[in-house]
Amino acid sequence: MGRGELGVNWGFVWMVAWPDFKARIRRFLIIGFGMALVLAITLLLSAFSEGFVLRSERLLGVFSGDEYVVAAGSAGPMTSSAPLPAALAGELEATGSVESARPILLAPSSILVDGEPAGAVVVGTDPEANPEIVDGRGLTGPGEAVIDEELYELALGDTFLLAGESFAVVGVTRYATWDIANAGIFIDRGQAQALLADGREVATAIAIDGTVAVTDLPPGVETQGRASAVADVLSRTADAKRSIDSFKITLWVLAVVIVGAVLYLAALERVGDFAIFKATGASNADLIAGLALQAVMVGVIAGVLSIGLAHVMKPIYPGLLSLPVSVAWPVIPVAVVIAVLSSVVGVRRAISVDPAQAFG
């Protein structure tokens, strides 16, 4: 077979790469598995990072507002601590410019479960504004609580203490999480005001269905849309997301080092083969293409294995929401690129071989 446009004899390349790959299949599979394990962890970290965005969008779905009224200058409706008069919700509904307005009182807090503290975000809400219930029932009055299913310390029927008051879990909802460590607890808004706002009739945000006219807003307040609300929630996890992304880069470098070291050792074992190939007319391009082809095979194996390993490992990582296809599929081409880059050290050894060594 003749040489291609790149000066590579592809028939010779396949003859060099494939028999050696079959002869060393166990070693290449071990390389692929080690690389796949590193990539699987990287894939799970990517899913965690993407999960922050998904978590934020789902959280906004729990409150189902088209817009949110907050104190002017607030970071956003999901993290603001600046109080608003709760009566403003009724005033906005009375203008006729909105379909409905619901006051929300949010307060990061700590609860006691069997004497042990647990972090949560307390949500003071009205019984008619219950979140979607997946188990049990909604709130009907004081002393009751609806919890998010990710609040692992509690289950339906349990009790806990908040600011010295006892609450019984009557319902379970989902997607009401600000981050992995802070799930929502919904209680009666009047009781939340008494316990967390010194009894004042206040809210930290007002969820609006429809669009509120700017002229209907009193001084000192403003509206924020869903995009601003999502960005508000993401601001709580910005540092964690940056740390995860940095760690992902570290793992990619580790994968390159692992695969590169093994491929270099494999190249050292084949010095005699390379000398013979060169003595019989093989070009440097042929040797480079052969080693790169083997690296591509390892990369494909590692990429496919990493997706399977990530799904197997997913249940042991609490707080991991999902492993979407958009996150999973790029790992295969990434694995191939990493493997090809890793083969560079082996390539350098191959092209430096003197053909005379074939006769030494």
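Residue 12 is where the sequence shown starts when you use my numbering, and the numbers rise one by one after that.
Idealized CB from N, CA, C, for every residue including glycine.
These numbers come from a predicted model, not from an experiment.
Taking Val267 and Val311 to be in contact with their CB atoms under 8 Å, please state how far apart those CB atoms are, rounded to whole angstroms.
Along the sequence shown, read from residue 1 onward, the residue named residue 267 stands at position 256. Along the sequence shown, read from residue 1 onward, the residue named residue 311 stands at position 300. That belief does not hold up - the Cβ atoms of Val267 and Val311 are roughly 16 Å apart, past 8 Å.
Given Glu104 as reference, the closest of Met308, Val73, Ala86 and Asp220 once Cα atoms are compared
Residue 104 sits at position 93 when you count from the first residue of the sequence shown. Checking every option, the nearest Cα to that of Glu104 belongs to Asp220.
Assumed close pair Ile362, Leu298 - CB separation to whole angstroms, cut-off 8 Å:
Working through the sequence shown from its first residue, we reach residue 362 at position 351. Working through the sequence shown from its first residue, we reach residue 298 at position 287. That pair is a contact at about 6 Å.
Contact the segment 212–228 vs the segment 50–69: 3+ CB pairs below 8 Å:
no
Can you list, in chain order, the residues of its chain with a C-beta nearer than 6 Å to that of Ala350? Leave out the 5 residues immediately preceding and following it.
For the purposes of this step, residue 350 is taken as the residue at position 339 of the sequence shown. Once the five neighbours on either side are set aside, the close Cβ partners of Ala350 are Val270, Ala306, Val309 and Gly310.
For Leu11, I'd like the list of residues in its chain whose CB is within less than 8 Å of its CB, leaving aside the five on either flank, ordered along the chain.
Since the first and last residues shown for the chain are 12 and 371, residue 11 lies out of range.
Which whole-angstrom value is the C-beta distance of Ala156 and Phe178, which I expect to be below 8 Å?
Translated into positions along the sequence shown, residue 156 becomes position 145. Translated into positions along the sequence shown, residue 178 becomes position 167. Indeed, because the Cβ distance is near 4 Å, the residues count as touching under 8 Å.
Sufficient close CB pairs (3 or more, under 8 Å) joining the segment 227–237 to the segment 80–94:
Yes, they touch.
Gly152 burial status per 10 Å Cβ neighbour count (16 or more: buried)
Counted from its first residue, the sequence shown places residue 152 at position 141. Looking at its Cβ environment, which holds fewer than 16 other Cβ atoms inside 10 Å, Gly152 is exposed.
What does a CB cutoff of less than 7 Å around Pro30 pick up in its chain, not counting 5 residues either side in sequence?
For the purposes of this step, residue 30 is taken as the residue at position 19 of the sequence shown. Nothing listed; no residue qualifies.
Three-pair Cβ contact test at 8 Å for the segment 165–185 versus the segment 34–49
Look at the beta carbons and you see the segment 165–185 not touching the segment 34–49: under three pairs across the two are nearer than 8 Å.
Among Pro128, Ala194, Val181 and Ile144, which one has its Cα closest to the Cα of Val134?
Counted from its first residue, the sequence shown places residue 134 at position 123. The option with the nearest alpha carbon to Val134 is Ala194.
Length-filtered (3 minimum) beta strand (DSSP E) runs lying within the segment 271–328
Runs of the beta strand (DSSP E) inside the segment 271–328: none found.
Flag this pair as yes or no: are the beta carbons of Ala214 and Leu95 separated by less than 7 Å?
Taking the sequence shown and counting its residues from 1, one reaches residue 214 at position 203. Taking the sequence shown and counting its residues from 1, one reaches residue 95 at position 84. The answer is yes: Cβ separation under 7 Å.
When burial is assigned at 16 or more other CB atoms within 10 Å of the CB, is Trp189 buried or exposed?
In the sequence shown, the residue the question calls residue 189 occupies position 178. Looking at its Cβ environment, which holds 16 or more other Cβ atoms inside 10 Å, Trp189 is buried.
According to DSSP, Gly135 sits in a beta bridge with which residue or residues?
Counting from 1 along the sequence shown, the entry for residue 135 is found at position 124. For Gly135, which the question treats as bridged, DSSP gives the partners Leu116 and Ile198.
State the DSSP-derived secondary structure class of Val345, mapped to helix, strand or coil.
Taking the first residue of the sequence shown as 1, we reach residue 345 at position 334. Secondary structure at Val345: helix, using DSSP grouped into helix, strand and coil.
Alpha helix (DSSP H) runs contained entirely in the segment 34–107, provided each spans 4 or more residues:
36–74 and 99–106
Give the straight-line distance between the Cα atoms of Thr90 and Phe74, rounded to the nearest whole angstrom.
Here the question's residue 90 lines up with position 79 in the sequence shown. Here the question's residue 74 lines up with position 63 in the sequence shown. Cα to Cα, Thr90 sits roughly 14 Å from Phe74.
When the Cα atoms are used, what is the spatial distance from Arg148 to Leu262?
Taking the first residue of the sequence shown as 1, we reach residue 148 at position 137. Taking the first residue of the sequence shown as 1, we reach residue 262 at position 251. Answer to the nearest angstrom: the Cα atoms are 45 Å apart.
What does the alpha-carbon distance come out to for the pair Leu117 and Ala129?
Here residue 117 is taken as the residue at index 106 of the sequence shown, counted from 1. Here residue 129 is taken as the residue at index 118 of the sequence shown, counted from 1. Computed Cα separation, rounded: 17 Å.
Exposed or buried, which one is Pro142 when buried takes at least 16 other CB atoms within 10 Å?
Here residue 142 corresponds to residue number 131 of the sequence shown, with the count starting at 1. Label assigned to Pro142: buried.
Hey, out of Gly301, Phe288 and Leu228, whose CA is closest to Val109's CA?
Counted from its first residue, the sequence shown places residue 109 at position 98. Nearest to Val109 by C-alpha distance, out of Gly301, Phe288 and Leu228, is Leu228.
Helix, strand or coil, according to DSSP, for Ser111 in the structure here?
Numbered from 1 along the sequence shown, position 100 holds the residue referred to as residue 111. Looking at Ser111 - three-state DSSP - the assignment turns out to be strand.
Label Pro114 either buried or exposed according to how many other C-beta atoms from any shown protein chain fall within 10 Å of its C-beta, with 16 as the threshold for buried.
Counting from one through the sequence shown, the residue named residue 114 turns up at place 103. So Pro114 counts as buried.
Identity of the residues DSSP links to Thr188 by a beta bridge:
For the purposes of this step, residue 188 is taken as residue 177 along the sequence shown, with counting starting at 1. According to DSSP, which records beta bridges pairwise, Thr188 is partnered with Ala194.
Using DSSP with H/G/I as helix, E/B as strand and the rest coil, what is Leu352?
Numbered from 1 along the sequence shown, position 341 holds the residue referred to as residue 352. If DSSP states are grouped into helix, strand and coil, Leu352 belongs with the helices.
Among Ser354, Ala174 and Leu150, which residue has its Cα nearest to the Cα of Tyr275?
As a working note, residue 275 is residue 264 in the sequence shown. Of Ser354, Ala174 and Leu150, the residue nearest in Cα terms is Ser354.
Burial state of Asp199 (16 or more Cβ within 10 Å):
Counting from 1 along the sequence shown, the entry for residue 199 is found at position 188. Looking at its Cβ environment, which holds 16 or more other Cβ atoms inside 10 Å, Asp199 is buried.
Please list, in chain order, all residues of the same chain as Ile52 whose beta carbon is under 7 Å from its beta carbon, the five residues on each side excluded.
Taking the sequence shown and counting its residues from 1, the one referred to as residue 52 is at position 41. So the qualifying residues of the chain are Leu262.
Using the C-alpha atoms, what's the distance from Leu48 back to Gly314?
Stepping through the sequence shown from its first residue, residue 314 is reached at position 303. Stepping through the sequence shown from its first residue, residue 48 is reached at position 37. Approximately 10 Å between the Cα atoms of the pair.
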